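Take a look at the structure set out below.
Protein chains in written order, with this note's numbering: chain A, 200 to 521; chain B, 250 to 503.
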């Protein structure tokens, strides 16, 4: 039996706006996704903002009911039997929220240990072990409001692990962290993977998914657009070449003309400092450079780099073409 | 479940004690309510009536602190992002929410005693209690009744984002329907019938009879009985509203 089984999961959010003329609005956050996560696996859900990653996690952690489809977590239905699921899972949400700021880290952990039914005789030892694991030993008596974002996030992970859950759900755990803080959190997650924990991780950072996940599903607009190992996803664009062209203020019409060039698979733009970088995926190697530069004639062009595709390129290709 | 309940109460009291605004309110409000009772009624020549007014003002404050305290606490949970974590905890949701209302009830009990104490100290309201034993039982019974009515109302606070505003608006109907603000005899008969279903009505009468009257125990008994009924109703409401919140996806909204 897989740790997580999801079959045709759908979720529609309904809201009403207006005071006198009430209008109904519907947003389809999930449009029938299906996947399985095996025990001991670190599975990644990768997608842009609003893709449906958090909605998926919320349904699996019993916080949201699906509109259609089914899910099983360790054999239990999170919609109908939330109690059985809650005892066996831990979840960690990214960001600043989810902790009692005016209390110390120790008080936060003690309270959640009681809520998650950690036996009294094990409570103190378990808290000490987790503080050690997340590198907060010695700082546990300080109020959480004095903590940095990275420290809060590591405290979140400790909280999620208090009752030694069989599955850990991590929803964008490194969001908003500085590079050092994010690396520390990734190291903690890597350690948990080595301990054999089943982990479902959502992120929109490619390198994070590449570094941590054994399998990845790319989600966009509530649908899965690809699923596989990081190597398999990279292989989808491996025969391609990425041409990076540094430009300054290129019009949309020119970008459209670049897309129309024979041999161009996709064109995306990225802002780096003052420049706008055009990322062109080519099906025919670097031969396209001259054709691209001809179309850009009259525009201010800086550096031109040709390189091998990365997982990020595969992701951009998947998200933009689906 | 007991551990989660006690731990929840402790956390709520500690959080409350670390908010200077809440703390100053708890110090100031009893003085204000004692003053209202003294000056509004203007019955300096009738000490028994003055004491009855002080008791009414004290229970009014107690209810306010419970309903505002618990609604504010739940709105804070939403803002802190901990409401989802509390819902997702494996203990029954009532065991997570009840400590908040009961802890607010104990703050309210302190406020009740403080209002009476300030009344005695500042305005010489005679604190002559006819049945001290019954009074000692009536106060916690009233705390329980008010706390558990807070639990029933807290179930709606889970569903709505503006819990604090809702809490404030719930103060006055209970003041009126339980006869705390004006005597029930001057109100339409149906208001009295509404009051029978409210814990503070019986809780207040228990305290008043213990202080001034002759037969406090039936009121105290009703106060406890209605509290037990509230626990059952509150648990059902919380279960229902939790499911509604999971269905609408409103737990995270701030």
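We treat Cβ as the ideally placed atom computed from N, Cα and C, and that holds for glycine. Just so it is clear, the structure is predicted and the values come from calculations on it, not from any experiment.
Residues near residue i in its chain [Cβ-Cβ closer than 6 Å; skip 5 each side]
| i | result |
| --- | --- |
| residue 203 of chain A | 236 and 272 |
| residue 326 of chain A | 308 |
| residue 329 of chain A | 357 and 360 |
| residue 372 of chain B | 287 |
| residue 485 of chain B | none |
| residue 430 of chain B | 424 |
Other residues of its chain near residue i: CB distance less than 7 Å, five sequence neighbours each side excluded
| i | result |
| --- | --- |
| residue 385 of chain A | 373, 407, 410 and 411 |
| residue 427 of chain B | 444, 447, 449, 450 and 453 |
| residue 503 of chain B | Here the model assigns residue 503 of chain B a pLDDT of 44, short of 50, so the residue's position is not dependable, and the following value carries that caveat. The residues are 327, 328 and 410. |
| residue 261 of chain B | 322, 348, 349 and 352 |
| residue 395 of chain B | 311, 312, 315, 354, 357, 448, 449 and 452 |
| residue 241 of chain A | 392, 398, 400, 411, 412 and 413 |
| residue 364 of chain B | 279, 282, 283, 303, 306, 307 and 310 |
| residue 258 of chain B | 348, 351 and 352 |
| residue 475 of chain B | 394, 448 and 451 |
Between the CA atoms of residue j and residue i - distance to the nearest angstrom
| i | j | result |
| --- | --- | --- |
| residue 211 of chain A | residue 259 of chain A | 15 Å |
| residue 471 of chain A | residue 446 of chain A | 10 Å |
| residue 371 of chain A | residue 405 of chain A | 12 Å |
| residue 380 of chain A | residue 349 of chain A | 5 Å |
| residue 416 of chain A | residue 269 of chain B | 48 Å |
| residue 394 of chain A | residue 266 of chain B | 41 Å |
| residue 382 of chain A | residue 347 of chain A | 14 Å |
| residue 352 of chain A | residue 335 of chain A | 11 Å |
| residue 332 of chain B | residue 471 of chain B | 33 Å |
| residue 252 of chain B | residue 405 of chain B | 25 Å |
| residue 413 of chain B | residue 281 of chain B | 22 Å |
| residue 462 of chain A | residue 324 of chain B | 56 Å |
| residue 459 of chain A | residue 481 of chain A | 12 Å |
| residue 202 of chain B | residue 376 of chain B | The displayed coordinates of chain B run from 250 to 503. Any statement about residue 202 of chain B would go beyond what the structure contains. |
| residue 433 of chain B | residue 282 of chain A | 45 Å |
| residue 506 of chain A | residue 517 of chain A | 19 Å |
Distance CB(residue i)-CB(residue j) smaller than 8 Å
| i | j | result |
| --- | --- | --- |
| residue 445 of chain B | residue 312 of chain B | no |
| residue 330 of chain B | residue 323 of chain A | no |
| residue 387 of chain A | residue 333 of chain A | yes |
| residue 247 of chain A | residue 362 of chain A | no |
| residue 342 of chain B | residue 336 of chain B | yes |
| residue 252 of chain A | residue 401 of chain A | yes |
| residue 204 of chain B | residue 400 of chain B | In the structure as shown, chain B starts at 250 and stops at 503, and residue 204 of chain B therefore has no counterpart that could be examined. |
| residue 500 of chain A | residue 442 of chain A | no |
| residue 397 of chain A | residue 365 of chain A | yes |
| residue 285 of chain A | residue 339 of chain B | yes |
| residue 309 of chain B | residue 301 of chain A | no |
| residue 360 of chain B | residue 469 of chain B | no |
| residue 313 of chain A | residue 319 of chain B | no |
Residue nearest to residue i in terms of C-alpha spacing, selected from the options
| i | options | result |
| --- | --- | --- |
| residue 435 of chain A | A/455, A/443, A/276 and A/424 | A/424 |
| residue 327 of chain B | B/459, B/470 and B/411 | B/411 |
| residue 461 of chain B | B/275, B/422 and B/297 | B/297 |
| residue 495 of chain A | A/453, A/417 and A/288 | A/453 |
| residue 391 of chain B | B/479, B/368, B/492 and B/415 | B/479 |
| residue 239 of chain A | A/214, A/262, A/399 and A/286 | A/399 |
| residue 342 of chain A | A/304, A/321 and A/335 | A/304 |
| residue 245 of chain A | A/462, A/481, A/428 and A/397 | A/428 |
| residue 477 of chain B | B/393, B/338 and B/376 | B/393 |
| residue 418 of chain A | A/513, A/281, A/261 and A/477 | A/513 |
| residue 464 of chain B | B/300, B/384 and B/283 | B/384 |
| residue 367 of chain B | B/486, B/319, B/255 and B/283 | B/283 |
| residue 544 of chain A | A/250, A/276, A/432 and A/368 | The structure shown has nothing for residue 544 of chain A, since chain A only spans 200 to 521. |
| residue 488 of chain B | B/319, B/417, B/344 and B/418 | B/344 |
Contact set for residue i: own chain, Cβ-Cβ below 8 Å, skip 5 residues either direction
| i | result |
| --- | --- |
| residue 274 of chain A | 200 |
| residue 208 of chain A | 229, 231, 232, 233, 255, 258, 265, 267, 268, 269 and 270 |
| residue 474 of chain A | 445, 446, 447 and 501 |
| residue 529 of chain A | No answer is possible for residue 529 of chain A: the residues shown for chain A start at 200 and end at 521. |
| residue 426 of chain A | 234, 414, 415, 416 and 417 |
| residue 378 of chain B | 384, 459 and 460 |
| residue 389 of chain A | 410 and 411 |
Amino acids of chain D, ordered along the chain, whose beta-carbon sits closer than 8 Å to that of residue i
| i | result |
| --- | --- |
| residue 300 of chain A | Looking at the structure shown, chain D is missing, and the protein chains on hand are A and B. |
Residue i: CB within 7 Å of a non-hydrogen atom of the ligand FMN
| i | result |
| --- | --- |
| residue 395 of chain A | Among the components modelled here there is no ligand, and therefore nothing to report on the ligand FMN. |
Exercise. Mind listing which residues of the region 332 to 344 of chain B have their C-beta closer than 8 Å to chain A's C-betas, in chain order?
Worked result: Listed in sequence order: 333, 334, 335, 336, 337, 338, 339 and 340.
For this session: Using a Cβ-Cβ cut-off of less than 8 Å, list which residues of the region 302 to 318 of chain A approach chain B; keep chain order.
Result: So the list reads 302, 306, 309, 310, 311, 313, 314, 315 and 316, given in the order they occur along the chain.
Exercise. Quick one, which residues of the region 400 to 421 of chain A are near chain B if we go by CB-CB under 9 Å, in chain order?
Worked result: The region 400 to 421 of chain A vs chain B, Cβ under 9 Å: nothing.
Problem set entry | Positions along the region 233 to 265 of chain A whose CB lies within less than 7 Å of some CB in chain B | Those residues of the region 233 to 265 of chain A placed with their C-beta closer than 7 Å to a C-beta in chain B are 260, 261, 262, 263 and 264, ordered along the chain.
Problem set entry | Under 7 Å (Cβ pairs) to chain A, residues found in the region 261 to 289 of chain B | Hits within the stretch, in order: 263, 264 and 267.
Exercise. Going along the region 205 to 224 of chain A in order, which residues come within less than 7 Å of chain B, judged by CB to CB distance?
Worked result: Listed by position, the residues of the region 205 to 224 of chain A near chain B (Cβ gap below 7 Å) are 212.
Problem set entry | Residues, ordered as in the chain, of the region 480 to 499 of chain B that lie near chain A by beta-carbon distance below 7 Å | So the close ones are 495, 496 and 498.
For this session: Please list the residues of the region 274 to 289 of chain A that have a C-beta atom closer than 7 Å to any C-beta atom in chain B, keeping them in chain order.
Result: Residues of the region 274 to 289 of chain A with a C-beta atom less than 7 Å from some C-beta of chain B are 282, 285 and 286, listed in chain order.
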